[in-house]
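**Student:** Respectively, the protein sequence lines represent chains A and B. If you number the first sequence the way this note's numbering does, the last residue is 244 and the count never jumps. If you number the second sequence the way this note's numbering does, the last residue is 244 and the count never jumps. All C-beta atoms in this analysis are idealised placements derived from N, C-alpha and C, irrespective of residue type, glycine included. No experiment lies behind these values; they were computed from the predicted model shown.
Number of protein chains: 2
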Amino acid sequence: MSVDHVFIVDDDEAIRDALSWLFQSRGVAVKSYDSAEAFLKEWRPGQSGCLLLDIRMSGMSGLDLFDRLRDVSSSLPVIFLTGHGDVPMAVSALKKGAMDFVEKPFNDNELVDRVIEALALSAQRREREADTADIAGRLAALTARERQVMDLVLAGKLNKVIADDLGITMRTVEVHRAHVFEKMGVKTAVELAQLLSNYRL
Amino acid sequence: MSVDHVFIVDDDEAIRDALSWLFQSRGVAVKSYDSAEAFLKEWRPGQSGCLLLDIRMSGMSGLDLFDRLRDVSSSLPVIFLTGHGDVPMAVSALKKGAMDFVEKPFNDNELVDRVIEALALSAQRREREADTADIAGRLAALTARERQVMDLVLAGKLNKVIADDLGITMRTVEVHRAHVFEKMGVKTAVELAQLLSNYRL
DNA sequence: GCCCATTTGTCGGATATCCACAATAGCCCT
DNA sequence: AGGGCTATTGTGGATATCCGACAAATGGGC
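#1: Evaluate lysine 200 of chain B with the Cβ neighbour count: other Cβ atoms within 10 Å of its Cβ, from every protein chain shown; 16 or more gives buried, anything less gives exposed.
#2: Looking at the unbroken alpha helix (DSSP H) that takes in isoleucine 211 of chain A, where does it start and where does it end?
#3: Just verifying my parser: in three-state terms, what is the DSSP assignment at glutamine 58 of chain A?
#4: Measure the beta-carbon distance from methionine 103 of chain A to aspartate 54 of chain A and round it to whole angstroms, keeping in mind my assumption that it falls under 8 Å.
#5: Between valine 158 of chain A and chain B, is the shortest Cβ-Cβ distance under 7 Å, so that the two count as touching?
#6: Would the segment 158-172 of chain B and the segment 85-93 of chain B be scored as touching if the rule is three or more Cβ pairs under 8 Å?
#7: Against chain A, with Cβ distances strictly below 7 Å, would glutamate 153 of chain B count as a contact?
#8: I'd like to know whether the C-beta of serine 135 of chain B is nearer than 7 Å to at least one C-beta of chain A.
#9: Is there a Cβ of chain A sitting closer than 7 Å to that of methionine 44 of chain B, yes or no?
#10: For chain B, find out if any of its Cβ atoms is closer than 7 Å to the Cβ of threonine 231 of chain A; answer yes or no.
#11: Check this for me: beta carbons of alanine 133 of chain A and valine 130 of chain B, under 7 Å apart or not?
#12: Does DSSP classify phenylalanine 109 of chain A as helix, strand or coil?
#13: Please give the ranges of any alpha helix (DSSP H) in the segment 74-133 of chain B, keeping only runs that are unbroken, at least 4 residues long and fully inside the region.
#14: What is the DSSP secondary structure of leucine 164 of chain A, reduced to helix, strand or coil?
#15: Would you kindly work out how many angstroms separate the C-alpha atoms of aspartate 75 of chain B and glutamate 85 of chain B, rounded to a whole number?
#16: Does the CB of glycine 126 of chain B have a neighbour CB from chain A at under 7 Å?
#17: Between valine 52 of chain B and lysine 139 of chain B, what straight-line distance do the alpha-carbon atoms span, to the nearest angstrom?
#18: How would you label aspartate 114 of chain B, buried or exposed, when you count the other beta carbons within 10 angstroms and need 16 or more for buried?
#19: Could you pull out every residue in the same chain whose Cβ sits closer than 7 Å to the Cβ of glutamate 217 of chain B, ignoring the five residues on either side in sequence?
#20: Can you list, in chain order, the residues of its chain whose CB lies under 7 Å from that of methionine 44 of chain A, leaving out five sequence neighbours each side?
#21: Apart from the five residues just before and just after threonine 175 of chain A, which ones in its own chain have a Cβ nearer than 7 Å to its Cβ?
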C-alpha cells in the first residue's frame, strides 16, 4: 500500500531541507521538488497526500501550479507557504479551495498539525472518489434501456407506469429492473436509492 | 415578502454612509449599525441577507460578532471589511466560514458583486433550511415505533424481516409503515429515501 | 372517560418477484 | 456465412409482498 506523501515544492533548498527534516522526524514521508515543473513531471492524478507549495518561485508560480491542478480536477489538499504574501493573495487562494495559507516563518508544530489534517482529508477524499468511481463504473455497465428504467424506478414509479411511459410491456420492465439491480449490486429499489444518493453529487 | 438586506456594521459613520449610499444606489436595501452590540440587539436568526462587517471596532470586534453568529448557527453570509488586516487574520476568518475578506479601500463594483453573490447564497440557504426544517418537523411527528420501522424500511428490509427484528406481527409493521408514509407525505419507500437523502445531512 | 399509541386480526385486490420457455435483432469473431 | 453473445422483447403462471378498509384490544396520559 502506498504511503501518503507530503509533496514539498519550493525553489529554496534550505527550506526544502528544513521541511524534509521536520516531516521525516515526525514519521511523515516526504518528496521534494525544486520547481512546479519538476512536480508536474512526476505527479499523477489520483495520488493522495498533501502539497506544501511555495508561492514565489522562478518559472511557474505556486498559484499557477495550483490552478493547473484544479484544471485536472485534482483533489490534492494544498497548503501555501509564502514569505511575502498579502491579504488579497491569501483570500484568493483560500476561496479557490486551498486548505491553508501560511506565512514564513511558520510554527513547526502548527504546520505539522495542518499537514496531518490535510493527509486525513486527502485519504478521505480518495476513498470517497474510489466509491464514486465504483458506482460510476456500475452505472456505465447499464444499457441505455436499463438506465431509463432505473431513472423511472428512482422516481418512485410503479412498473406498470414505467411500462406505459416507455411504451413496452410490464414484463420487459421487470427484466430490465432485475438487470439493473443485479449490475448495481442491490436487492431492492430502496437500496439503490440510498446507494446513488450518497454518490451522485 | 421581506427583502434581503445588507447589514452594515461599522463604527465609522463615514464608512456607513458611503456604503449605504453605494448599495442604495444599486437598489439593494441597507440597514446600518454603529456597533456589533447594536446589530445583535435587532438581529433575529432566520433573517437572510448579507453582513458587511468591520473588524476593528470599539467594544465587540467583528471577529467576536462573527463567532457569536456561528454559535447561534446563523447561515448569514459574512463579508469582512478591514483597514489593517493581516494574512493570519484573513486566513482564520475564511477558514471559519466567512464569505470574503476585503481590505479598505475597496473597489465599489467588486464589493457590490460579492454582496449580490452573497445575497443569492443566503436566499438559497434560507430555502434549503426551510426545506430541512419542514422535513425535521415531519420526522418529529413520528412516534418512536414509527421511526424504528422507517429506519428499517430505509435499510431496504422487507416487512416480514422488520416484523422479525422488532418481534411484532407483519400486519403491525404495515400499519406503522403506512403511518410513516402518510406523515412524511410520500407514497412509496423510494420517494421516502429520496426525500431524506437530500436533507438528512 | 376520552384520546392516542401500539398492537393484532381478516379479507381482498393490486403489485412485485421469480422462473421457465422463447423469439428477434445486432454485434463480434472466426 | 455461420456461430456465439448480448440486448431487447414477449407469454404464462406461481408465489410473495404491499395496501386499504373495517374492526378491536391494551395501556398511558390528560
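**Tutor:** A quick look at the data gives this:
#1: The residue labelled residue 200 of chain B in the question sits at position 157 within the second sequence. Result: buried.
#2: As a working note, residue 211 of chain A is residue 168 in the first sequence. Per DSSP, isoleucine 211 of chain A belongs to no alpha helix (DSSP H) and is neither H nor E.
#3: Start at 1 with the first residue of the first sequence, and residue 58 of chain A comes out as number 15. Before going further, note that residue 58 of chain A is isoleucine rather than glutamine in the sequence given. Residue state, collapsed to three classes: helix.
#4: On the first sequence, residue 103 of chain A is found 60 positions in, with the first residue counted as 1. On the first sequence, residue 54 of chain A is found 11 positions in, with the first residue counted as 1. That pair is no contact at about 10 Å.
#5: Taking the first residue of the first sequence as 1, we reach residue 158 of chain A at position 115. No - not a single Cβ of chain B is within 7 Å of the one on valine 158 of chain A.
#6: yes
#7: Residue numbering aside, residue 153 of chain B sits at position 110 when the second sequence is read from its first letter. Not an interface residue.
#8: Here the question's residue 135 of chain B lines up with position 92 in the second sequence. No - not a single Cβ of chain A is within 7 Å of the one on serine 135 of chain B.
#9: Counting from one through the second sequence, the residue named residue 44 of chain B turns up at place 1. Low per-residue confidence applies at methionine 44 of chain B: pLDDT is 40, beneath 50, and the placement is therefore not dependable, though the value from the model is reported in the following sentence. By this cut-off, methionine 44 of chain B is not an interface position.
#10: Sequence index remark: in the first sequence, residue 231 of chain A carries index 188 (1-based). With 7 Å as the cut-off, threonine 231 of chain A counts as an interface residue toward chain B.
#11: Sequence index remark: in the first sequence, residue 133 of chain A carries index 90 (1-based). Sequence index remark: in the second sequence, residue 130 of chain B carries index 87 (1-based). It is a contact, given that the beta carbons lie within the stated cut-off.
#12: To locate residue 109 of chain A, count along the first sequence from 1; it is residue 66. Helix, per DSSP.
#13: 79-85 and 105-114
#14: To locate residue 164 of chain A, count along the first sequence from 1; it is residue 121. In the structure shown, leucine 164 of chain A sits in a helix (DSSP, three-state: H, G or I).
#15: In the second sequence, the residue the question calls residue 75 of chain B occupies position 32. In the second sequence, the residue the question calls residue 85 of chain B occupies position 42. As written in the sequence, residue 75 of chain B is serine, which differs from the aspartate given in the question. Cα-Cα distance, rounded: 11 Å.
#16: Residue 126 of chain B sits at position 83 when you count from the first residue of the second sequence. Cβ-Cβ to chain A under 7 Å: no for glycine 126 of chain B.
#17: Reading the second sequence from its first residue, position 9 is the one you call residue 52 of chain B. Reading the second sequence from its first residue, position 96 is the one you call residue 139 of chain B. For valine 52 of chain B and lysine 139 of chain B, the distance between alpha carbons rounds to 19 Å.
#18: As a working mapping, residue 114 of chain B is identified with position 71 in the second sequence. Exposed.
#19: Sequence index remark: in the second sequence, residue 217 of chain B carries index 174 (1-based). If we look at glutamate 217 of chain B and ignore the five residues flanking it on each side, its Cβ neighbours are Asn202.
#20: Walking along the first sequence from the start, residue 44 of chain A turns up at place 1. Only weak support is given to the placement of methionine 44 of chain A: the predicted model assigns it a pLDDT of 40, under 50, and the value that follows is read from those uncertain coordinates. Counting only Cβ-Cβ distances below 7 Å, and skipping sequence neighbours, we find nothing.
#21: What you label residue 175 of chain A is simply residue 132 of the first sequence in a count that begins at 1. Cβ neighbours of threonine 175 of chain A beyond the five flanking positions: Tyr242.
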